[in-house]
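The listed protein sequences correspond, in order, to chains W and V.
Just so it is clear: in the first sequence, position 40 is 40 by the working numbering, and no numbers are missing.
Just add 116 to the spot in the second sequence (first one is 1) and you have the working numbering.
Even glycine gets a Cβ: it sits at the ideal position worked out from N, Cα and C.
These numbers were taken from a predicted model, which means no experiment stands behind them.
A short worksheet on the structure shown next.
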Amino acid sequence: GAGVSQSPRYKVAKRGQDVALRCDPISGHVSLFWYQQALGQGPEFLTYFQNEAQLDKSGLPSDRFFAERPEGSVSTLKIQRTQQEDSAVYLCASSPYMAGEGQPQHFGDGTRLSIL
Amino acid sequence: DAKTTQPPSMDCAEGRAANLPCNHSTISGNEYVYWYRQIHSQGPQYIIHGLKNNETNEMASLIITEDRKSSTLILPHATLRDTAVYYCIVRVAGGKLIFGQGTELSVKP
Numbered sequence: 001g002a003g004v005s006q007s008p009r010y011k012v013a014k015r016g017q018d019v020a021l022r023c024d025p026i027s028g029h030v031s032l033f034w035y036q037q038a039l040g041q042g043p044e045f046l047t048y049f050q051n052e053a054q055l056d057k058s059g060l061p062s063d064r065f066f067a068e069r070p071e072g073s074v075s076t077l078k079i080q081r082t083q084q085e086d087s088a089v090y091l092c093a094s095s096p097y098m099a100g101e102g103q104p105q106h107f108g109d110g111t112r113l114s115i116l
Numbered sequence: 117d118a119k120t121t122q123p124p125s126m127d128c129a130e131g132r133a134a135n136l137p138c139n140h141s142t143i144s145g146n147e148y149v150y151w152y153r154q155i156h157s158q159g160p161q162y163i164i165h166g167l168k169n170n171e172t173n174e175m176a177s178l179i180i181t182e183d184r185k186s187s188t189l190i191l192p193h194a195t196l197r198d199t200a201v202y203y204c205i206v207r208v209a210g211g212k213l214i215f216g217q218g219t220e221l222s223v224k225p
């Protein structure tokens, strides 16, 4: 496909379970971003990768959140010991070059995570 | 981090121009203004961006004031499919986008 692909589209988990969310960026895109969007709010930055290097993880809300991009393409966001406040839409975005100016980010449609 | 202020909601008649304002008074000299929109259950869609000059593409026009403290997104002929939440964003160093609450635009027949 031509766009950013995220899976699963919907995920329901019980409180305390671990979850893994996948992002397939546009082929060849160097930069990859994760955002969290609570209901009725704008997306909030979580973390940023340039190829396989995680250059900014300042937005991760706790050490239960972990992201990786081992080969510089597909990325996984993992949440351990999920809590109800983790319920949100998790969005992935990619852009062609390093996170410089003038390069728009292209978003996937997100994974809607619901913690029961 | 530079922040933006937008009206929470606006209405527009189908076929008319939609003018969406945004204030970004704390913007730095090298920060771009980006506009995205989000339709329910979809990810944000890139519309346009600019630094100092006005910009136009197939979707919209972006007018930035000379002092760069505010901008306006113009959809020249709004359609029902333009109903969405529109976000004005100042991109900060390191590339991350800081979204605000956005403007919920309702295009009415």
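Which ranges would you report for the beta strand (DSSP E) in the region 41-77 of chain W if only whole runs of at least 3 residues count? 44-50, 53-56, 65-68
Have a look at the DSSP bridge pairing and note the partners of V:H193. Per DSSP, none; premise fails for V:H193.
Taking CB distances under 9 Å as the criterion, tell me whether V:H193 reaches chain W. no
Quick one: using the 10 Å Cβ neighbour count with 16 as the cut-off for buried, is V:E147 buried or exposed? buried
Boundaries (first-last residue) of the beta strand (DSSP E) holding V:Q154: V:Q154 -> beta strand (DSSP E) spans 149-154.
Any Cβ of chain V within less than 9 Å of the Cβ of W:H106? yes
Simplified DSSP state of W:D109, which is helix, strand or coil: In this structure, W:D109 counts as coil in the three-state DSSP scheme.
Does any C-beta atom of chain V lie closer than 9 Å to the C-beta of W:L39? no
Does any CB atom of chain A fall closer than 9 Å to the CB of V:G145? The structure shown contains no chain A; its protein chains are W and V.
Close Cβ partners of V:C138 (< 6 Å) along its chain, the five nearest in sequence each way excluded: T120, Q122, S187, C204
Cβ closer than 7 Å: which chain V residues qualify as neighbours of W:L60? Chain V residues near W:L60: none, gap ~12 Å exceeds 7 Å.
Which of the three DSSP states, helix, strand or coil, is assigned to V:Q122? In the displayed model, V:Q122 falls within coil according to three-state DSSP, outside both helix and strand.
Cβ neighbour criterion (16 or more within 10 Å) applied to W:G40: exposed
Report, in whole angstroms, the separation of the C-beta atoms of W:Y35 and W:L91, which I expect to be a contact under 8 Å. With 8 Å as the limit, W:Y35 and W:L91 qualify as a contact, their Cβ atoms being about 4 Å apart.
Is V:D198 helix, strand or coil by DSSP? helix
For W:S31, which residues in chain V fall below 9 Å Cβ to Cβ? G211
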